[in-house]
Amino acid sequence: MKELEKFSSLLEKMNAFKKGKTENIIKIGRKNTFHIIISDKLTNMSKSQKEEVERKIVNFLNLAMKCPFFSISKFKERFTNLKIVFDNSEKSISCYNARSSKDNELHISNNMSLEHELFHISSDKKSDEVVNVGFAYKNNTQSLGFGINEGYTEYLNEKYFEHHMPGYYDYFMLVAKKVSDLFGEDVINNIYFNGSIYDLINIIAEKSSLEMAKQFINDMDEAVEAYYDFAKSDNKERYQQYFNKITAAYGFIDRLEKNISNNGSLKK
Ligand SMILES: [Zn+2]
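Under our numbering, the first residue of the sequence shown carries the number 1223, and numbering increases by one thereafter.
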């Protein structure tokens, strides 16, 4: 009997380890305020759908804590002001609309990875004047970093959850992975969670030139725009444009990687 007790406590520890470090495990009980925050937001859902979404969010938090610079307290703060809309229709996709610091919306569908969107929420810097989510940046005059942002978000999703949807953002993710390998996950995560696209442009420019760094971010943005158009309309021309831009971006980061290992940079 003693052996059986030992075995079951070992099994518990093993399971806890698999889910995350034992001391970090978040338990969401009925009386926990965070549970109430999640539960209250999930309207127009059945009880089992609610439980599934709650389970996913708790699982996300337990695993995301392993990710450098991820902040659970910031996540809670952002989540508290979030409006959640559930859409179970066949063509719906999950998405996060960052608008101003107050009226952000998360759309949940069954067809897309919720974790990807939770990374967007976690990396929203919450500014009233501009949109600054991960590497995506938008103010009254410009909008940039959306392509590399989707790639890096999907890379984190793949790395921590292995939920990557094959085909979706595949090449964007490969480019983003190279950026992370080149500069280090800590540096890139710190920018993604706490900085802005300008910090990313600057570190790439240090190893190449400001012009090349801007061109790279721009190619990624044009690639993602063309990709969305293609996905919506099946327009072959837009697919070709997406392909050309993503290939240019990948080519640049690949050359940068080779030059850094040879002589330190792409500088002439
Ligand atoms: Zn996204």
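Just so you know, even glycine gets a beta-carbon here, dropped at the ideal spot from N, CA and C. Keep in mind the model is a prediction, meaning the values are calculated, not measured.
From what residue to what residue does the beta strand (DSSP E) around residue i run?
i, result
"E1327", "N1326 to I1330"
"Y1318", "C1317 to N1319"
"L1304", "L1304 to F1308"
What does the alpha-carbon distance come out to for the pair residue i and residue j?
i, j, result
"S1430", "Y1374", "21 Å"
"E1433", "A1470", "14 Å"
"S1455", "K1263", "33 Å"
"K1253", "N1326", "In this prediction, K1253 has a pLDDT of 47, which is less than 50 and means its spatial position is unreliable; what the coordinates show is noted afterwards. The alpha-carbon atoms of K1253 and N1326 are separated by roughly 26 Å."
"M1442", "L1422", "13 Å"
"C1289", "K1347", "17 Å"
"K1278", "N1485", "45 Å"
"Q1463", "A1445", "7 Å"
"N1481", "Y1377", "24 Å"
"F1383", "S1335", "10 Å"
"Y1450", "T1265", "29 Å"
"N1440", "E1380", "24 Å"
"F1474", "K1400", "11 Å"
"E1245", "N1284", "For E1245, the predicted structure reports a pLDDT of 40, less than 50, and the residue's modelled location is therefore unreliable. A value from the coordinates is still provided. If you take the alpha carbons of E1245 and N1284, they lie about 10 Å apart."
"F1291", "N1466", "33 Å"
"A1427", "A1435", "5 Å"
"S1270", "F1438", "44 Å"
"M1267", "E1273", "10 Å"
"A1453", "Y1391", "11 Å"
"R1300", "I1425", "28 Å"
"G1417", "F1341", "15 Å"
"I1410", "V1352", "21 Å"
"T1363", "F1394", "25 Å"
DSSP has residue i in a bridge; who is on the other side?
i, result
"V1353", "K1360"
"L1366", "Y1359"
"D1545", "As shown, the chain starts at 1223 and ends at 1490. That puts residue 1545 outside it, with no answer to give."
"D1346", "V1355"
Give the range of the alpha helix (DSSP H) segment to which residue i is assigned.
i, result
"M1442", "L1432 to S1455"
"G1473", "K1458 to N1485"
"M1395", "D1392 to F1405"
"F1291", "Element bounds for F1291: n/a, residue is neither H nor E."
I need the residues with a C-beta less than 6 Å from some heavy atom of ligand 1; please give them in chain order. H1338, H1342, E1372 and T1375
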